[in-house]
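Using UniProt numbering, the letters of the sequence shown map in sequence onto residues 1 to 112. Cβ coordinates follow ideal geometry from the N, Cα and C atoms, glycine included. Take a look at the structure set out below.
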Amino acid sequence: MSGPSSSYAEIAPPSVADSDEIDSLPSSSAGSSTSVSPSEESDAEREWRESLQQLELLLTMVLVPYLGKYFGRKCAYWGWAKFMEWKYPVSVEITNPGLFKAAGAVEAVASL
1 MSGPSSSYAE
11 IAPPSVADSD
21 EIDSLPSSSA
31 GSSTSVSPSE
41 ESDAEREWRE
51 SLQQLELLLT
61 MVLVPYLGKY
71 FGRKCAYWGW
81 AKFMEWKYPV
91 SVEITNPGLF
101 KAAGAVEAVA
111 SL
């Protein structure tokens, strides 16, 4: 590393005119006409939290129990098939996988 590369050496230092332009920009602390008032911000924030709470309730009250029931039954059927193959000389085969999945979904929804 003998020194700065040529691309960085060609960059000119900021001039006085550039600093005047930067100073003339409005600061973020100075209130502008597009800023949101604290009451509007709190209303938007409250609505955002309410929508997140509703989404959380949807997940915990509807989707999680349904998916748990569906995959639990699927796991139980698989485990029962493995047990039957181990305990008895029986081969358990699902002839129509699509119908099997649909029946599992209907059974899971039926008792909700």
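Out of curiosity, what's the CA-to-CA distance linking Val64 and Pro89?
Translated into the one-based positions of the sequence shown, residue 64 becomes position 64. Translated into the one-based positions of the sequence shown, residue 89 becomes position 89. Going by the C-alpha atoms only, they are around 37 Å apart.
Helix or strand or just coil, what does DSSP make of Thr95?
Here residue 95 refers to the residue found at position 95 of the sequence shown. Coil, per DSSP.
For Pro65, which of helix, strand or coil comes out of DSSP?
As a first step, residue 65 must be located in the sequence shown, where it is residue number 65. Pro65 falls in the helix class under three-state DSSP.
Between Glu47 and Leu55, what straight-line distance do the alpha-carbon atoms span, to the nearest angstrom?
Within the sequence shown, the letter at position 47 stands for residue 47. Within the sequence shown, the letter at position 55 stands for residue 55. Spanning the two alpha carbons is a distance of roughly 12 Å.
Nearest to Ser91 by alpha carbon, out of Leu99, Lys82 and Pro97?
Taking the first residue of the sequence shown as 1, we reach residue 91 at position 91. Closest option to Ser91, Cα to Cα, is Lys82.
Would you identify the three-state DSSP class for Val90, choosing helix, strand or coil?
Looking up residue 90 in the sequence shown gives position 90. Coil.
Let me know if Ala108 comes out buried or exposed under the rule of 16 or more other beta-carbons within 10 Å of its beta-carbon.
Indexing the sequence shown from 1 puts residue 108 at position 108. Buried, because 16 or more other Cβ atoms sit within 10 Å of the Cβ of Ala108.
Determine the direct distance from the alpha carbon of Met61 to that of Asp43, and round the result to whole angstroms.
Indexing the sequence shown from 1 puts residue 43 at position 43. Indexing the sequence shown from 1 puts residue 61 at position 61. So the alpha carbons of these two residues sit roughly 27 Å apart.
Are the beta-carbon atoms of Gly98 and Tyr70 separated by less than 8 Å?
Against the sequence shown, residue 98 aligns to sequence position 98. Against the sequence shown, residue 70 aligns to sequence position 70. No.
Output needed for Ile94: all residues of its chain with C-beta closer than 6 Å, excluding positions within five of it in sequence on either side, in chain order.
Residue 94 sits at position 94 when you count from the first residue of the sequence shown. Closer than 6 Å at the Cβ level, and outside the excluded window around Ile94, lie Phe100.
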